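Presented below is the structure to which this report refers.
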Amino acid sequence: MRLALVQVKKWSEDRRVVDLLSTISADVVLLPENWRKGVAREEELFKFFSSLPDFELLVPGAFYVASGGETRSRAYVLRRGRVVDYCEKLFPSFAVGEAASVRPGNKLCAQRLGWAYVGVLICVDIVFPELARLYAVRGVNVLLNPANITADRIPLWRSIILARAFENHAYVAFANNVGGLYADGRPVLGGSAAASPNGHIIAEGGDMEGVVYASLNEEEVEYARRRRRYLEYLSSFNSSSVQL
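Oh and the sequence shown: position 32 is 27 in our numbering, straight run, nothing missing.
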């Protein structure tokens, strides 16, 4: 299975992104968080989605969406050009002031694609191991993270996806913007990456707009599960039996 992590310039025009996606050959495609400017209405996003090339599974980023008088951060999942599901950011960031204007979400999602069971966590939600584990105990073995991370935090983010991948017997990958700036002046310069279930970074992006490809295979997931059995241990774990 081929995964494409798409690094786009922050606040790109829709047409530019459509053109970039048209060059991609992959089964699963992921774009970053908030590459599109502002807060959108869902119908506006759906109109944009209808112009995108078809993929087996596409997460065209995460967006601020106006919903019932509130703003939420949502990532939609498309299958062959059709919106089939969405997830929300459960924990908007306090560090960058997002939590002041974005309502915490309450929905995650997962889609089956052959041997892969694909889930999504938006940006900082990947920092919470409980959320990745929530997916893993339900069988998710590919976890996608649309992100908007500053260059100084890329080593940290790669360490996080390595940990989430290793502890959950899953592939974990994030796609990041390029050419952006945080309010404090720190630059966002790509650095997208994918981690394997066995603790290796298998794909890395540079600091330019473009596509990073990773090859995912079922055998690597099965090997991790057989060798370490973390999830198997947890299925019979009773915390009340532990003295503290």
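The beta carbon of each residue, even a glycine, is placed where N, CA and C say it ideally should be.
All figures in this text were calculated on a predicted structure; none of them were measured in a lab.
- prompt: Ends of the beta strand (DSSP E) at V72?
  reply: 65 to 74
message: Among the candidates L73, E37, P48, whose CA atom is the shortest distance from the CA of A61?
response: E37
field: Sequence-distant residues of its chain with Cβ nearer than 6 Å to G175 (five each side left out)
entry: K5, V183
query: For R75, which residues of its own chain have a beta-carbon under 6 Å away from its beta-carbon, when the five flanking residues on both sides are left out?
result: D49
- prompt: What three-state label does DSSP hand S235 in the structure shown?
  reply: helix
message: Can you tell me where the alpha helix (DSSP H) holding P99 begins and where it ends?
response: Note, P99: premise wrong, no alpha helix (DSSP H); not H, not E.
- request: Give the DSSP-derived three-state secondary structure of Y228 in the structure shown.
  value: helix
- prompt: Does DSSP put K4 in a helix, a strand or coil?
  reply: strand
task: Can you tell me which of G180, R10, S45, A70 puts its alpha carbon nearest to the alpha carbon of A57?
output: A70
field: Other residues of its chain near R159: CB distance less than 8 Å, five sequence neighbours each side excluded
entry: I121, P124, A127, L138, A165, V167, A190
field: Check whether E213 and I117 have beta carbons under 8 Å apart
entry: no
- request: Answer yes or no: do L73 and L53 have a C-beta to C-beta separation smaller than 8 Å?
  value: yes
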